[in-house]
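*Asks:* Top to bottom, those sequences are chains R and P. First residue of the first sequence? That's 79 in my numbering, and the numbers climb one at a time after it. First residue of the second sequence? That's 79 in my numbering, and the numbers climb one at a time after it. No residue lacks a Cβ here, since even glycine has one placed at the ideal position from N, Cα and C.
There are 2 protein chains.
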Amino acid sequence: MAPKIIRSPLAPKRIAKPKALSGLRLHVMASGARYKRRDDFLLIELNDTATVAGVFTKSKMPSAAVDLSRANLISSKGRARAILVNAGNANAFTGQAGAKAAALTATAAAKKIGCRAEQVLIASTGVIGETLETKPLLKALETGDNKKAKKTDKENKWQSAARAIMTTDTFPKLTSATAKFGNQTVTLTGIAKGSGMIAPDMATMLAFIFTDAALPVSVLQKLLQEANADSFNCVTVDSDTSTSDTCFLAATGAVKINGAAVKSANDKRLAGVKKALADIMQNLAEQVARDGEGASKLMTIEVSGAENDAAARRIGLAIGNSPLVKTAIAGADANWGRIVMAVGKSGEKAERDRLAISIGGIKVARGGKVVPGYKEAPVARHMKNKEISIAVNVGVKQGKGRARIWASDLTHGYISINADYRS
Amino acid sequence: MAPKIIRSPLAPKRIAKPKALSGLRLHVMASGARYKRRDDFLLIELNDTATVAGVFTKSKMPSAAVDLSRANLISSKGRARAILVNAGNANAFTGQAGAKAAALTATAAAKKIGCRAEQVLIASTGVIGETLETKPLLKALETGDNKKAKKTDKENKWQSAARAIMTTDTFPKLTSATAKFGNQTVTLTGIAKGSGMIAPDMATMLAFIFTDAALPVSVLQKLLQEANADSFNCVTVDSDTSTSDTCFLAATGAVKINGAAVKSANDKRLAGVKKALADIMQNLAEQVARDGEGASKLMTIEVSGAENDAAARRIGLAIGNSPLVKTAIAGADANWGRIVMAVGKSGEKAERDRLAISIGGIKVARGGKVVPGYKEAPVARHMKNKEISIAVNVGVKQGKGRARIWASDLTHGYISINADYRS
């Protein structure tokens with residue numbers, strides 16, 4: 079039996095309520111395929127002016143949905159018209175039957191919208207290895223929106239949409255911002271899901287970000303990759319990279335920039351959009367860590383003094399993924415020696431005798447040893463908080479590499495969820 | 079408070095009782111440095127004919143003991159006379175004070191035995207970041223053997239020695255074998271410790287293997303590295319590589335081979351010794367997994383069809399380290415989709431559509447999907463055992479790479495031990 083789902087103690091106090099965004103329509107459906115009495119199927123319909131960029135899991139065992147979306151992004155040259163998301167079945171490791179099921183649902187969505195099948199992108203998460211039953215999904219596409227989808231945000235139904243893609247998540251993840259786009263104003267809104275099997279190595283989990291700006295695919299892809307490197311690629315729950323990680327960035331094209339068309343991601347008029355995109359993706363990444371399976375604490379790990387940013391990221395992930403660091407955080411144990419261990423095992427360049435560590439802003443170690451007169455009490459007080467900050471300077475000479483990592487702790491809750499329940 | 083130490087349910091039924099081995103003497107001491115009422119300090123004294131080989135952690139944060147032993151193995155050209163092991167303090171990340179403490183104890187041991195300080199090797203495990211107090215250790219070296227050390231195996235006190243190096247271990251780890259050495263017979267005996275922070279990436283934890291054979295250092299080093307690759311480098315508890323991993327292989331030189339001196343590890347007269355060494359090191363590696371912190375089950379993972387042996391090892395470790403696989407094993411959940419995920423995340427070459435998985439000898443998946451007519455019941459029965467066998471063929475064309483990995487599961491016990499106790 080699945081354990082009772084308790085909302086993460088780290089959930090944001092308020093769920094964002096984004097305004098409508100021109101150029102798209104959300105269809106929120108309850109297919110009954112795996113879950114009863116809840117929405118579990120989402121169709122995001124995009125205007126024919128839309129452009130879409132995507133990044134996918136680096137897993138060597140990608141799901142049928144990932145295979146199909148990768149191919150369709152290329153064949154449609156990023157001119158996708160729909161993103162179709164089902165919850166509860168990953169359609170991964172399902173062979174020809176899985177590929178066929180993905181193609182069938184894409185074709186049905188294309189028919190509903192009136193576009194070509196190659197303009198449909200798919201994302202599926204849930205159990206691995208079980209054949210996807212298309213019948214309830216095709217029926218839901220025919221029937222259309224679930225009447226019960228909340229009317230409070232009916233213009234775009236963002237909250238309902240974020241809920242419909244959840245599997246083991248305990249809260250819906252969404253956020254929104256506005257930004258300058260030349261002298262126009264555009265909106266950016268993102269939703270995400272993910273709680274376990276989180277250690278993205280390219281994109282992550284599922285995340286879909288939308289803007290009403292008009293942007294060519296090549297620029298969009300560049301913006302997505304850049305923002306992804308500092309957001310979803312910097313979050314971890316359990317070091318287990320999924321077969322299904324997918325992140326799409328769609329621009330509906332409703333708001334055109336004044337003046338010359340945007341042709342490069344380096345166009346200075348994109349500064350506001352870039353900043354908003356980074357904020358949104360980092361916010362969603364942090365929300366995923368906050369909903370890590372069994373999480374009782376959120377770790378934010380700042381790494382500096384590394385050989386380069388990629389090395390800093392790998393060191394930060396070695397800390398955030400270490401079971402011994404994660405259990406120390408869970409137990410509010412100021413056992414900083416485990417952080418030293420994790421830096422050492424990362425394999426990245428680090429100078430032991432110049433290493434410095436702070437916890438909660440308090441210097442713990444520097445120059446390769448504990449600080450003189452170190453007192454544990456203030457650090458132990460910080461360790462009792464729900465949000466733990468760790469800063470490590472790995473002391474590489476002239477090393478300018480930096481990264482910020484979000485990670486959850488490792489608790490009895492994680493064991494209960496994953497040892498007793500087929501996820 | 080430390081949790082009550084309960085003997086691992088996976089402990090061997092009988093603790094080995096090796097016979098005496100010519101050319102060495104074990105001094106088992108109770109220093110009182112960290113633990114009370116138990117032996118915690120071991121001096122292994124070697125004849126002046128002895129040769130020693132060593133492998134160490136690849137951690138970038140090696141302990142002072144690892145620094146010293148690495149240097150002394152080189153400066154003494156492998157002609158070490160002593161191995162000194164203290165339990166409860168890793169003397170890692172302790173700066174100049176730690177280096178000095180290591181040197182002081184080495185000098186005292188050298189004085190006791192009558193050798194040069196550079197002929198002493200040191201291994202320390204326990205807490206990271208705390209300065210090693212040398213006083214109780216120097217006193218113990220003066221006082222000598224603990225009179226209470228069990229007299230039942232007094233010739234070499236192997237059992238007492240294996241107990242003296244334990245930290246969070248719940249049982250002493252030792253094993254012994256005899257082998258043909260040309261037409262002579264030699265003995266090989268090994269002891270090891272390790273329970274948490276186990277993911278060796280070169281040597282592992284602490285392991286000391288001894289033989290009475292006479293062998294040059296260069297041959298010994300080759301034999302150790304070869305056997306290490308298939309034993310200690312193939313075991314994992316929690317993916318956390320220690321700062322202190324050390325493995326020594328010492329040959330006391332008491333038994334000389336007949337005929338020409340051995341000059342190469344490829345000498346055919348070493349076949350018996352090689353086989354015995356592989357058996358001993360694999361046996362000790364398996365014992366370490368059996369004593370993994372909180373372990374309730376032992377996984378043996380056989381990987382085949384990989385690009386090469388190193389790739390097979392990394393795939394096996396990705397499976398053995400995956401929190402989602404480990405919790406599925408703990409929960410006796412036949413959730414083989416998590417094995418697919420772990421193969422995918424390893425980053426190694428693998429053919430999804432040719433992948434085959436067996437659990438407990440029962441075929442679960444082949445050709446990239448579940449086997450036709452798959453029945454979970456027999457697999458679920460196997461999953462209830464204490465010893466779980468997983469076999470994965472990753473389907474690389476002409477792939478001959480193979481590895482066998484030993485790993486423990488991830489349980490509430492692991493969380494209790496590591497979230498509540500400073501190890």
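1) At 4 residues or longer, what runs of the alpha helix (DSSP H) sit wholly inside the segment 407 to 461 of chain P?
2) Got a sec: is the Cβ-Cβ distance from P:P81 to anything in chain R below 9 Å?
3) Which of the three DSSP states is assigned to R:R241 in this structure?
4) In whole angstroms, what separates the C-alpha of R:K464 from that of R:A354?
5) What separation, rounded to the nearest whole angstrom, lies between the Cα atoms of R:I495 and R:V205?
6) Output the residue ranges of the beta strand (DSSP E) runs that lie fully inside the segment 157 to 226 of chain R and measure 3 residues or longer, sorted by chain position.
7) Check each residue of the segment 421 to 441 of chain P: if its Cβ is closer than 9 Å to any Cβ of chain R, include it; give the result in chain order.
8) Going by the beta-carbon positions, is the gap between R:S309 and R:A367 smaller than 9 Å?
9) Grab me the residues of R:A356's own chain with a C-beta within less than 6 Å of its C-beta, minus the 5 sequence neighbours each way, in chain order.
10) Should P:D231 be labelled buried (16 or more other beta-carbon atoms within 10 Å of its own) or exposed?
11) Have a look at the DSSP bridge pairing and note the partners of P:S382.
12) Excluding five sequence neighbours on each side, which residues of the same chain lie with their C-beta closer than 8 Å to the C-beta of R:E123?
13) Under 8 Å between beta-carbons, which chain R residues line up against P:P408? List them in chain order, please.
14) Along chain R, in chain order, which residues have C-beta atoms closer than 9 Å to that of P:H490?
15) Could you give the first and the last residue of the continuous alpha helix (DSSP H) run that contains R:G350?
16) Quick one: which residues of the segment 316 to 344 of chain P get their C-beta closer than 9 Å to a C-beta of chain R? List them in chain order.
17) What's the call for R:K346, buried or exposed, on a 16-neighbour Cβ count within 10 Å?
18) One question on the structure: do P:A285 and P:K300 come within less than 9 Å of each other, judged by their Cβ atoms?
19) Closest Cβ-Cβ distance between R:N463 and chain P: below 9 Å?
20) Between the segment 125 to 143 of chain R and chain P, which residues of the former have CB atoms less than 9 Å from a CB of the latter, in chain order?
21) With distances taken Cα to Cα, identify the nearest neighbour of P:P90 among P:D369, P:R459, P:D223 and P:K213.
22) Could you tell me which of R:S400, R:Q197, R:A184 and R:E385 sits nearest to R:I152, measuring between CA atoms?
23) Can you look up P:S317 in the DSSP assignment and give me helix, strand or coil?
24) Between P:L210, P:L121, P:V295 and P:L348, which has its C-alpha nearest P:K235's C-alpha?
25) Let me know the secondary structure DSSP gives P:E371 once reduced to three states.
26) Against chain P, which members of the segment 446 to 462 of chain R pass a CB distance test of less than 7 Å?
27) If I follow the unbroken beta strand (DSSP E) through R:Q476, where does it start and stop?
28) From the DSSP output, read off the bridge partner residues of R:A131.
29) Can you tell me the Cα-Cα spacing of P:I84 and R:A175, whole angstroms?
30) Return the Cβ separation of R:A408 and R:S436 in integer angstroms, given the expectation that the two are a contact with Cβ distance under 8 Å.
31) Which value, in whole angstroms, describes the spacing of the CA atoms of R:P81 and R:G491?
32) DSSP three-state call for P:S494: helix, strand or coil?
33) How about R:V472 and R:A406: are their beta carbons less than 9 Å apart?
34) Could you name the residues that DSSP lists as bridge partners for R:A259?
35) If you follow the beta strand (DSSP E) that P:L104 is part of, which residue opens it and which one closes it?
*Replies:* Judging by the given coordinates:
1) If one requires a minimum length of 4 residues, the alpha helix (DSSP H) runs lying completely within the segment 407 to 461 of chain P are 415 to 423 and 454 to 461, in chain order.
2) Low confidence applies here, because P:P81 scores a pLDDT of 47, under 50, leaving its location unreliable; read the following figure in that light. Not closer than 9 Å to any Cβ of chain R, the Cβ of P:P81 fails to qualify, so no.
3) R:R241: helix per DSSP, three-state reduction.
4) Cα-Cα distance, rounded: 27 Å.
5) When rounded, the distance between both Cα atoms is 14 Å.
6) Runs of the beta strand (DSSP E) lying entirely within the segment 157 to 226 of chain R and spanning at least 3 residues, in chain order: 160 to 167 and 198 to 205.
7) Of all residues in the segment 421 to 441 of chain P, only V421, G422, K423, S424, G425, E426, K427, A428, E429, R430, D431 and L433 come within less than 9 Å of chain R when Cβ atoms are compared, listed by chain position.
8) No, they are not a contact pair.
9) Excluding sequence neighbours, R:A356 sits near A305.
10) Low confidence applies here, because P:D231 scores a pLDDT of 44, under 50, leaving its location unreliable; read the following figure in that light. Counting Cβ neighbours within 10 Å, P:D231 comes out buried, since at least 16 surround it.
11) Paired residue(s): P:N471.
12) Cβ neighbours of R:E123 beyond the five flanking positions: L102, R103, L104, H105, R159, A160 and I191.
13) The sequence given here places Ala at residue 408 of chain P; Pro does not occur at that position. The CB of P:A408 comes closer than 8 Å to the CB of I493 and A497 in chain R, given here in chain order.
14) Per Cβ cutoff of 9 Å: H490, I493, S494 and A497.
15) Run containing R:G350: A349 to R368, per the alpha helix (DSSP H) assignment.
16) Of all residues in the segment 316 to 344 of chain P, D316, S317, D318, T319, S320 and T321 have a Cβ within less than 9 Å of some Cβ in chain R.
17) Around the CB of R:K346, fewer than 16 other CB atoms lie within 10 Å, so the residue is classed as exposed.
18) No, Cβ-Cβ distance for P:A285 and P:K300 is not below 9 Å.
19) R:N463 does not count as touching chain P.
20) So the close ones are T135, K136, S137, K138, M139 and P140.
21) That would be P:D369, whose Cα lies nearest to the Cα of P:P90.
22) Looking at the Cα atoms, R:Q197 is the closest of the given residues.
23) Of the three classes helix, strand and coil, the one that applies to P:S317 here is coil, per DSSP.
24) Measuring from the Cα of P:K235, the nearest candidate turns out to be P:L121.
25) If DSSP states are grouped into helix, strand and coil, P:E371 belongs with coil.
26) Cβ contacts with chain P: G446, K447 and V448.
27) That residue, R:Q476, is in no beta strand (DSSP E); it is neither H nor E in DSSP.
28) DSSP, once it has assigned bridges, lists R:L327 as partnering R:A131.
29) Cα atoms of P:I84 and R:A175: separation of roughly 49 Å, rounded to the nearest angstrom.
30) Under the criterion of beta carbons closer than 8 Å, R:A408 and R:S436 do not qualify as touching, at roughly 20 Å.
31) Low per-residue confidence applies at R:P81: pLDDT is 47, beneath 50, and the placement is therefore not dependable, though the value from the model is reported in the following sentence. Distance from the CA of R:P81 to the CA of R:G491, rounded to the nearest whole angstrom, comes to 10 Å.
32) Shown here, P:S494 sits in a helix according to DSSP, grouped into three states.
33) No.
34) It should be noted that the sequence gives Phe, not Ala, for residue 259 of chain R. In the DSSP output, where bridge partners are listed per residue, R:F259 has R:Q262.
35) Going by DSSP, P:L104 is part of the beta strand (DSSP E) stretching over L102 to M107.
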